[in-house]
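Okay, structure first, notes after.
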Amino acid sequence: MKRSSVSIARNRLRALVTSDRVNCDPAAYEEICRELYGALSKYMELTEDNFQVEINRTQVIITFLGEET
Amino acid sequence: MGEVIVITSGKGGVGKTTTAANIGAGLSKLDKKVVVIDTDLGLRNLDVVMGLENLIVYNLVDVIEGTCRLKQALIRDKRYENLYLLPSAQTRDKTAISPGQMKKLTSELREEFDYILLDCPAGIEQGFQNAIAGADRAIVVTTPEVSAIRDADRIIGLLENQQIKKIELIINRIRMDMVRRGDMMSVDDVTEILSVPLIGALPDDEKVVIGTNQGEPVIGLGGEAASAYLNICKRILGLEVPFLDLNTGNGFFSRLSSLFKKD
Chain B
22 MKRSSVSIAR
32 NRLRALVTSD
42 RVNCDPAAYE
52 EICRELYGAL
62 SKYMELTEDN
72 FQVEINRTQV
82 IITFLGEET
Chain L
5 MGEVIVITSG
15 KGGVGKTTTA
25 ANIGAGLSKL
35 DKKVVVIDTD
45 LGLRNLDVVM
55 GLENLIVYNL
65 VDVIEGTCRL
75 KQALIRDKRY
85 ENLYLLPSAQ
95 TRDKTAISPG
105 QMKKLTSELR
115 EEFDYILLDC
125 PAGIEQGFQN
135 AIAGADRAIV
145 VTTPEVSAIR
155 DADRIIGLLE
165 NQQIKKIELI
175 INRIRMDMVR
185 RGDMMSVDDV
195 TEILSVPLIG
205 ALPDDEKVVI
215 GTNQGEPVIG
225 LGGEAASAYL
235 NICKRILGLE
245 VPFLDLNTGN
255 GFFSRLSSLF
265 KKD
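Each protein sequence line maps, in turn, to chains B and L.
Going by my numbering, the first sequence opens with residue 22, and the numbers climb by one from there.
Going by my numbering, the second sequence opens with residue 5, and the numbers climb by one from there.
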């Protein structure tokens, strides 16, 4: 199935906007996510599916879903 | 005391000038006294979009340098009561005025006008710094394209650094047929990425081009873009106006367009 061009645009934009906001290389966002995941998973149980990092203009927000019931 | 609103975008060609002209005309239709100022020195455009290019005697730089009085440079738009234009200078560049001088000018204009709209040049250099210097509020115009949204995001960051508290977004030239087939970002996609409140979403309406050809703001021609601009003006006044649905393709526009679709 052809991937919609919107989903490509969204992903490219997220990477661009994030790197513009923190003034770093677009690839650095992936790296930041990986390192934060590595650091936090030493202390808490995380899976890659429920862990998310968002960088906006004034905050770095780490979101994870708690223990499933 | 009037409110100073800068209309900006970062990227060129997304519709800042058209937006300035139409919001100016719309606010004057809503009985407000409005002046629109073209701050793009060297690339004068707003006068042409408004169809007032033959009436220019003095310009923004003349006012700032004291060559003429403010009142002499203001052009009254005969079609709209209480709408005035302060044109830019075609033969000068952005260094002819400073942010401090713009601030002084806008504070003078506040005494007499309800709204002072500043049509900002593209880019983030001195022309941009001049335009935002005296602003209380900013309207950022973008289109649903990667480059325009990226630039809008940078502009929003710079506006926040300038302590401009009220920053709102206009998404221009939305094509619902493309949104529906997954080839254009929707209003929700764009607002989610930029995370500033939306004040208007405009469909891609050919009447805008026709209006520009004629030197007539589209708000005077009727149609989809005209009503969307009028809604933006009402929201600027603080009125609650529901948004036309430009996301799912189940809204008014799609129903309207499906009526005319030739299958």
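Note that the Cβ used here is the ideal one computed from N, Cα and C, for glycine as well.
These numbers come from a predicted model, not from an experiment.
- Taking CB atoms only, B:Ser40 has no neighbour in chain L less than 7 Å away.
- For L:Ala135 against L:Thr43, the beta-carbon gap comes to about 4 Å, under 8 Å, which counts as contact.
- With respect to L:Asp97, L:Leu45 sits close: the two C-beta atoms are nearer than 7 Å.
- When C-beta distances to chain B are compared with 7 Å, the residues of the segment 187 to 218 of chain L below that value are Asp187, Met188, Met189, Asp193, Ile197, Ser199, in chain order.
- Contact between L:Asp157 and B:Asp41 is confirmed by a C-beta separation of about 6 Å, below the 8 Å threshold.
- At a cut-off of 7 Å between beta carbons, B:Ala30 contacts chain L.
- When C-alpha distances from L:Leu173 are compared across L:Asn217, L:Ala152, L:Arg184, L:Gln166, the shortest belongs to L:Ala152.
- Rounded to whole angstroms, the separation of the alpha carbons of L:Thr95 and L:Gln133 is 20 Å.
- Judged by DSSP in its simplified three-state form, L:Leu31 adopts helix.
- Rounded to the nearest whole angstrom, the C-alpha separation of L:Lys37 and L:Leu241 is 13 Å.
- The segment 101 to 111 of chain L and the segment 46 to 58 of chain L do not touch, with fewer than three beta-carbon pairs separated by less than 8 Å.
- Residue state for L:Glu7 is assigned as strand, using DSSP reduced to three classes.
- Secondary structure of L:Asn176 (DSSP, three-state): strand.
- Residue environment: B:Thr68 is assigned as exposed (fewer than 16 neighbouring CB atoms within 10 Å of its CB, all protein chains considered).
- Within 7 Å of the CB of L:Asp157, the CB atoms of chain B belong to Val38, Asp41, in sequence order along the chain.
- B:Ile82: member of the beta strand (DSSP E) spanning 81 to 85, first to last residue.
- Secondary structure at L:Phe117: coil, using DSSP grouped into helix, strand and coil.
- B:Met65 sits exposed, since fewer than 16 C-beta atoms from the chains shown fall within 10 Å of its C-beta.
- Taken through DSSP and simplified to helix, strand or coil, B:Val43 comes out as helix.
- DSSP places B:Glu75 inside the beta strand (DSSP E), whose first and last residues are 72 to 76.
- If you look at L:Asp51, you'll find it in the alpha helix (DSSP H) that goes 50 to 54.
- Taken through DSSP and simplified to helix, strand or coil, B:Leu67 comes out as coil.
- Scanning its chain for C-beta atoms nearer than 6 Å, with the 5 sequence neighbours on each side dropped, one finds around L:Leu202 the residues Leu173, Thr195, in chain order.
- B:Gly87 and B:Asn71 have their C-alpha atoms roughly 8 Å apart.
- L:Thr147 and L:Val18 have their C-alpha atoms some 6 Å from each other.
- No residue range can be given for L:Thr43, since it is assigned to no beta strand (DSSP E) and is classified by DSSP as neither H nor E.
- Residues are counted here when their Cβ sits less than 7 Å from a Cβ of chain B; for the segment 142 to 156 of chain L these are Val150, Ile153, Arg154, given in chain order.
- In the three-state scheme derived from DSSP, where H, G and I count as helix and E and B as strand, L:Thr147 is classed as coil.
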